[in-house]
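Below is one structure, written out as structure tokens, with a few remarks after it.
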Amino acid sequence: MDSTELVLYLILLLFGICYSGQHGHVDIENNEFAEFEDVDEGVVEDDLEELVGTSTTPKATRSSTVLEDDDDEFIQDDDEFERIEKTTHSSKETKTRQPLKFADVPAHFRSNWSSYQVEALFLLLVGLYMINYVAGRRRNQSIAYSWFADVSGILQEQFTIVGDDGTSEVPSEGHLLKETDSSYSIWCSGRLGCQSMLIQMKLKKRQDLISIFMGVIRPTSDKVIIRIDLDHNEMDSYVFAFGQRKAVTKAVKEMLDLSLFTVERRGQDRFVLPSSMALYAELPEAAATIIDPTVQQVLSKYGTSLDYCHISDQYSGLKPAEGETYTRMPDTIRAIIFVLNMSEDKNETKTLMKTIFHCLEKVRKYRLSREGKAKADKKRQNVHEVFMKTTHQARQEAAQARKEEKTRERKQRLLEEEDPEKQRKLEKAELKRESRLRQPKMKQLKMK
Numbered sequence: 001m002d003s004t005e006l007v008l009y010l011i012l013l014l015f016g017i018c019y020s021g022q023h024g025h026v027d028i029e030n031n032e033f034a035e036f037e038d039v040d041e042g043v044v045e046d047d048l049e050e051l052v053g054t055s056t057t058p059k060a061t062r063s064s065t066v067l068e069d070d071d072d073e074f075i076q077d078d079d080e081f082e083r084i085e086k087t088t089h090s091s092k093e094t095k096t097r098q099p100l101k102f103a104d105v106p107a108h109f110r111s112n113w114s115s116y117q118v119e120a121l122f123l124l125l126v127g128l129y130m131i132n133y134v135a136g137r138r139r140n141q142s143i144a145y146s147w148f149a150d151v152s153g154i155l156q157e158q159f160t161i162v163g164d165d166g167t168s169e170v171p172s173e174g175h176l177l178k179e180t181d182s183s184y185s186i187w188c189s190g191r192l193g194c195q196s197m198l199i200q201m202k203l204k205k206r207q208d209l210i211s212i213f214m215g216v217i218r219p220t221s222d223k224v225i226i227r228i229d230l231d232h233n234e235m236d237s238y239v240f241a242f243g244q245r246k247a248v249t250k251a252v253k254e255m256l257d258l259s260l261f262t263v264e265r266r267g268q269d270r271f272v273l274p275s276s277m278a279l280y281a282e283l284p285e286a287a288a289t290i291i292d293p294t295v296q297q298v299l300s301k302y303g304t305s306l307d308y309c310h311i312s313d314q315y316s317g318l319k320p321a322e323g324e325t326y327t328r329m330p331d332t333i334r335a336i337i338f339v340l341n342m343s344e345d346k347n348e349t350k351t352l353m354k355t356i357f358h359c360l361e362k363v364r365k366y367r368l369s370r371e372g373k374a375k376a377d378k379k380r381q382n383v384h385e386v387f388m389k390t391t392h393q394a395r396q397e398a399a400q401a402r403k404e405e406k407t408r409e410r411k412q413r414l415l416e417e418e419d420p421e422k423q424r425k426l427e428k429a430e431l432k433r434e435s436r437l438r439q440p441k442m443k444q445l446k447m448k
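With full-length UniProt numbering, letter number 52 in the sequence shown gets 52, and the count goes up by one each step, no holes.
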């Protein structure tokens, strides 16, 4: 091929390329399938480049640049070709996305036991608490059964039934009732002059490690609370208490009958009490009779084992809590209460128990003098009057509340009645009651 033919061939080629570029631009604007045609045109261009070879001119390069610009304009059209734009972006993202790489971190095992000091300390505390719980519970149980064994013979001499469980129909004996890990009780009955006797053992909470630490700061002791309920005619009218000064003062503040009837009686020489004890009594003659030489001898020898003694014909328990008031006089009983500190000495325990029954017999037999009886009756009358005055408003409020509650119940019954005849009768009765209440109260006087 000579130079003339080569020039003609190139002119025809340029003309064809220009024509195809203009035709492709028109098709892109008017054809929905321009994306696929663009791919075909790319194939045609590749064929032409193969035919031309390395002898292509810069004009061909310029024409391909024009085609690429047209393609860019085609892709940047946002209104009509959003689908193409999404596909191009997704293809770019797939090309740039890289797979996740996980670093190989070796597992870290601590072989040094010092790293587990907190856990070891916690397990040690839990273990100590559990061991102390088991040991303390067994210790309290052993103390309770040992004390019961020491006094069992004396109790059986005084009562017919000792240690009844209270659950079976037929009375049974020898049962030590466990209320908690630190509280046990014994119930006895069947004795002349008294209804029953309840013995409660309040032991230290040896099963609780925290209570043991608190006991180091504020030491406590195991206590036995003995309460004897007397028959109505087995005791005269008097109230008094004696014992360790701190304990009996606390009891006077907490017990209702002691706070109302008793005052402190000074002069231990008269009653021959130890200097560490105090006496609160309503009538000194009653206290002097009960605390006889036998009791005085026991107190001088085992006075530290007696916390306090409370003897009353008006026993009603603790005072009402602050903010609470009684609307009627509380029920009272005749009772003898002894609070003892437990001792490991069997002879001391037996002596104190015998002293309790000695006091019981003295209380049953003793009767006040005429003057003492008059003072006791007057004191009880004054207490009753003061109580009625202080609770008058509370009783009125309670009565008004009961009245309103009855009225509300009648109206509710009237609304719930379905029978018209019964409803009419209820309405008539309610109107009659209201009219009677509205009428003024007048006294009728009879003229002779």
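We treat Cβ as the ideally placed atom computed from N, Cα and C, and that holds for glycine.
query: Pair within 7 Å by beta-carbon distance, F159 and G190; result: yes
query: Which of helix, strand or coil DSSP assigns to H384; result: helix
query: Sheet register partners of E264 (DSSP bridge); result: Y280
query: Limits of the beta strand (DSSP E) - the one that N233 falls within; result: Where N233 is concerned, there is no enclosing beta strand (DSSP E), given that its DSSP letter is neither H nor E.
query: Any non-hydrogen atom of the ligand GDP within 6 Å of K425 CB; result: Judged by which ligands are present, the structure shown has none, so any question about the ligand GDP falls away.
query: Close-in-space but distant-in-sequence residues of the same chain around T57 (CB under 6 Å, 5 per side omitted); result: No answer about T57 holds up, because its pLDDT of 43 lies below 50 and its placement is not dependable.
query: Reference Y308, options I291, A321, T390, closest by Cα; result: I291
query: Rounded straight-line distance, which links the Cα of S305 to that of K365; result: 26 Å
query: H384 to F122 span [Cα, whole Å]; result: 60 Å
query: C-alpha distance - T351 paired with R370, whole-angstrom precision; result: 34 Å
query: Uninterrupted beta strand (DSSP E) stretches inside the segment 298 to 331 (no shorter than 3 residues); result: 306 to 315
query: CA-to-CA distance, D331 to T407, given in whole angstroms; result: 30 Å
query: Three CB pairs or more closer than 8 Å across the segment 149 to 157 and the segment 331 to 350; result: yes
query: Span of the alpha helix (DSSP H), counted from its first residue to its last, around I212; result: 209 to 217
query: Coil, strand or helix - M201 by DSSP; result: strand
query: Inter-residue CB distance, V239 and Q314 (contact presumed, cutoff 8 Å); result: 6 Å
query: Whether V339 touches I225 by CB criterion (7 Å); result: yes
query: R328 to L260 span [Cα, whole Å]; result: 16 Å
query: Segments assigned alpha helix (DSSP H), at least 4 residues, entirely inside the segment 354 to 404; result: 370 to 390
query: Beta-carbon proximity of S172 to D181, cut-off 7 Å; result: no
query: Residue range of the unbroken alpha helix (DSSP H) whose run includes T249; result: 245 to 254
query: Neighbourhood of K375 by C-beta distance below 7 Å, restricted to the same chain and skipping five residues each side; result: L283
query: Same chain, Cβ closer than 7 Å to V43, neighbours up to 5 away in sequence not counted; result: Residue placement at V43 is flagged as unreliable, the pLDDT there being 43, under the threshold of 50; a coordinate-derived value is accordingly withheld.
query: is_contact[S316, chain C] using C-beta, thresh 7 Å; result: Checking the listed chains, one finds no chain C in this structure; it contains a single protein chain.
query: Beta-carbon proximity list for L256, same chain, < 6 Å, skipping 5 on both sides; result: S316, K319
query: Length of the line joining the Cα atoms of L437 and E409; result: 18 Å
query: Buried versus exposed, by CB contacts within 10 Å (16 or more), E37; result: A caution first: E37 carries a pLDDT of 46, below 50, which makes its placement in the model unreliable, though a value can still be read off. That one is exposed.
query: Cutoff 8 Å; reference V363; Cβ partners in own chain excluding five residues on either side; result: L230, E234, M235, I290, I311, I336
query: Buried/exposed call for L360, threshold 16 Cβ in 10 Å; result: buried
query: Exposed unless 16 or more other CB atoms sit within 10 angstroms - verdict on V216; result: exposed
query: Reduced DSSP secondary structure (H/G/I, E/B, other) of K101; result: coil
query: Q244, buried or exposed, once every other Cβ within 10 Å from all chains shown has been counted against 16; result: buried
query: Beta-carbon spacing of G136, R206 below 7 Å; result: yes
query: Bridge-paired residues (DSSP) for R191; result: C194
query: Local Cβ density within 10 Å of M130, reported as buried at 16 or more and exposed below that; result: exposed
query: Proximity winner among I143, I199, H232, relative to S185 (alpha-carbon distances); result: I199
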